[in-house]
Amino acid sequence: MSNTPFVIAGRSFTSRLIVGTGKYSSFPVMAQAHAASGAEIVTVAVRRVNISDRSRESLLDYIDTDRIFVLPNTAGCYTAEEAVRTAHLAREAGLSHWVKLEVIGDERTLFPDTEALVAATRTLVRDGFVVLPYTNDDPIVCRKLEDAGAAAVMPLGAPIGSGLGIQNANNLRIIREFARVPVVVDAGVGTASDAALAMELGADGVLMNTAIAGADDPVAMAEAMRHAVVAGRLAYLAGRIPRKMYATASSPVEGMVGR
Amino acid sequence: MLITLNGDAYELDEPLSVADLLQTLSIDPRRVAVEYNYSILKRQLFAETIVHEGDCIEIVNFVGGG
Numbered sequence: 369m370s371n372t373p374f375v376i377a378g379r380s381f382t383s384r385l386i387v388g389t390g391k392y393s394s395f396p397v398m399a400q401a402h403a404a405s406g407a408e409i410v411t412v413a414v415r416r417v418n419i420s421d422r423s424r425e426s427l428l429d430y431i432d433t434d435r436i437f438v439l440p441n442t443a444g445c446y447t448a449e450e451a452v453r454t455a456h457l458a459r460e461a462g463l464s465h466w467v468k469l470e471v472i473g474d475e476r477t478l479f480p481d482t483e484a485l486v487a488a489t490r491t492l493v494r495d496g497f498v499v500l501p502y503t504n505d506d507p508i509v510c511r512k513l514e515d516a517g518a519a520a521v522m523p524l525g526a527p528i529g530s531g532l533g534i535q536n537a538n539n540l541r542i543i544r545e546f547a548r549v550p551v552v553v554d555a556g557v558g559t560a561s562d563a564a565l566a567m568e569l570g571a572d573g574v575l576m577n578t579a580i581a582g583a584d585d586p587v588a589m590a591e592a593m594r595h596a597v598v599a600g601r602l603a604y605l606a607g608r609i610p611r612k613m614y615a616t617a618s619s620p621v622e623g624m625v626g627r
Numbered sequence: 243m244l245i246t247l248n249g250d251a252y253e254l255d256e257p258l259s260v261a262d263l264l265q266t267l268s269i270d271p272r273r274v275a276v277e278y279n280y281s282i283l284k285r286q287l288f289a290e291t292i293v294h295e296g297d298c299i300e301i302v303n304f305v306g307g308g
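Respectively, the protein sequence lines represent chains A and B.
Using our numbering, you'd call the opening residue of the first sequence number 369 and step up by one each time.
Using our numbering, you'd call the opening residue of the second sequence number 243 and step up by one each time.
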């Protein structure tokens, strides 16, 4: 059975798990969790430098950038203009021209403003970015993002940080069937089985932050997620059996003692 | 002289380069991106770009996020 590498915009990765850098109790715990996850891509946010307190350590001191690809996000942006501006700042900060594009439409749900998301994708692709948009689980929006030049589409499994797991498995399957670019399920994962399910549905990768950072033991959960993503991918490639209403015996029905 | 630095008023004694401003603030220029009056400032221009009265400077870096 062949496993194909995870390729985005011509760049090849071994791990299909992408993890965040937010909400950890400390940078050392984050670094241990990253190592346990096996992830080769981590997301970061772009924020103003704290002018008054320069004592804080730098996040980048705890990311092995020789081994791990740093993917900046535009989290917290509510307009296409704001997201484009943030992406340009991220590129200038010097690590890559890739961006996890977020244009949020609502504070409570953090659902994306898909109209602005498509517009921002178009602008950033024109500006030379590799754009990975976080979107909702809508196959039509995913198609529009792809047409706008997105290098992958990243539909949510559930609201960001909710831990609810995959809410619309069927939509994700349709998105996978439609898409000609990688599909990364981004957000909503709560535990390992959610990540496995996303992969079993055919996702090319899974992105998560809170599920690991917020676990009682983030390092152990990171390891669980690594196994879940591998297991889900293998199960997808292996081809699951059809669901049936009634039982089918696994042991022979002939040769029973005393019959 | 007053400038706007990351959204707040900030007092400087005299005009100085962006590179010197970063040094004054103990900020490693390799780890940040700078906007000078709402335009991205390329790193190679930090030394020759002078911050004047009323200028608006944004300095950002990477922080934890998902």
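Glycine included, every Cβ here is placed at the ideal spot set by N, Cα and C.
Span of the beta strand (DSSP E) around residue i
i	result
residue 565 (chain A)	Element bounds for residue 565 (chain A): not the beta strand (DSSP E) but the alpha helix (DSSP H), 560 to 568.
residue 573 (chain A)	573 to 576
residue 499 (chain A)	498 to 503
residue 379 (chain A)	379 to 381
residue 385 (chain A)	385 to 387
residue 479 (chain A)	Where residue 479 (chain A) is concerned, there is no enclosing beta strand (DSSP E), given that its DSSP letter is neither H nor E.
Assigned exposure category for residue i - 16 Cβ within 10 Å defines buried
i	result
residue 290 (chain B)	exposed
residue 405 (chain A)	buried
residue 253 (chain B)	exposed
residue 294 (chain B)	exposed
residue 384 (chain A)	buried
residue 593 (chain A)	buried
residue 621 (chain A)	exposed
residue 454 (chain A)	buried
residue 572 (chain A)	buried
residue 342 (chain A)	With chain A running from 369 to 627 in the structure shown, residue 342 (chain A) is simply not present.
residue 524 (chain A)	buried
residue 424 (chain A)	exposed
residue 614 (chain A)	exposed
residue 256 (chain B)	exposed
residue 552 (chain A)	buried
residue 624 (chain A)	exposed
residue 373 (chain A)	exposed
residue 564 (chain A)	buried
residue 626 (chain A)	exposed
residue 545 (chain A)	exposed
For residue i: DSSP bridge partner residues
i	result
residue 300 (chain B)	B:277
residue 246 (chain B)	B:251, B:298
residue 472 (chain A)	A:480
residue 522 (chain A)	A:502
residue 374 (chain A)	A:381
residue 259 (chain B)	B:292
residue 580 (chain A)	DSSP lists no partner for residue 580 (chain A).
residue 305 (chain B)	A:413
residue 282 (chain B)	B:277
residue 553 (chain A)	A:574
Residue i - containing alpha helix (DSSP H), residue span
i	result
residue 291 (chain B)	That residue, residue 291 (chain B), is in no alpha helix (DSSP H); it is neither H nor E in DSSP.
residue 543 (chain A)	537 to 546
residue 528 (chain A)	It is not in any alpha helix (DSSP H) - residue 528 (chain A) carries neither H nor E in the DSSP assignment.
residue 515 (chain A)	507 to 515
residue 272 (chain B)	First-last for residue 272 (chain B): undefined, no H or E at that position.
residue 602 (chain A)	586 to 606
residue 405 (chain A)	395 to 405
Short-range partners of chain A found in the stretch 259 to 276 of chain B, where Cβ spacing is below 9 Å: If the cut-off is 9 Å between Cβ atoms, the stretch 259 to 276 of chain B has 267, 268, 269, 270, 272, 273, 274, 275, 276 near chain A.
Residues of the stretch 289 to 306 of chain B with Cβ closer than 9 Å to any Cβ of chain A, in chain order: Cβ contacts with chain A: 300, 301, 302, 303, 304, 305, 306.
Entirely enclosed beta strand (DSSP E) segments - the stretch 408 to 470 of chain A, minimum 3 residues: Fully enclosed beta strand (DSSP E) runs of 3 or longer: 409 to 416, 437 to 440, 466 to 469.
Interfacial residues, the stretch 414 to 437 of chain A to chain B, with Cβ spacing under 8 Å: Taken in chain order, the members of the stretch 414 to 437 of chain A whose beta-carbon sits within less than 8 Å of a beta-carbon on chain B are 414, 415, 416, 417, 419, 422, 426, 427, 428.
Residues in the stretch 375 to 399 of chain A having any Cβ partner in chain B nearer than 8 Å: Near chain B, meaning a CB-to-CB distance below 8 Å, the residues of the stretch 375 to 399 of chain A are 388, 389, 390, 391, 392, 398.
Residues from the stretch 439 to 450 of chain A in contact with chain B, defined by Cβ distance under 8 Å: Listed by position along the chain: 440, 441, 443.
Selection of the stretch 485 to 511 of chain A by Cβ proximity to chain B, strictly under 9 Å: Result list empty, no residue passes.
Selection of the stretch 576 to 593 of chain A by Cβ proximity to chain B, strictly under 9 Å: Correct list: 576, 577, 578, 581.
Positions along the stretch 400 to 412 of chain A whose CB lies within less than 8 Å of some CB in chain B: So the close ones are 411, 412.
Near-chain B residues of the stretch 551 to 571 of chain A (beta-carbon distance less than 9 Å), N- to C-terminal order: Correct list: 554, 555.
Selection of the stretch 450 to 462 of chain A by Cβ proximity to chain B, strictly under 9 Å: Legend: CB atoms of the stretch 450 to 462 of chain A lying less than 9 Å from CB atoms of chain B belong to residues 453, 454, 456, 457, 458, 459, 460, 461, 462.
Near-chain A residues of the stretch 245 to 257 of chain B - C-beta to any C-beta below 9 Å: Flagged, chain order: 247, 248, 249, 250, 252.
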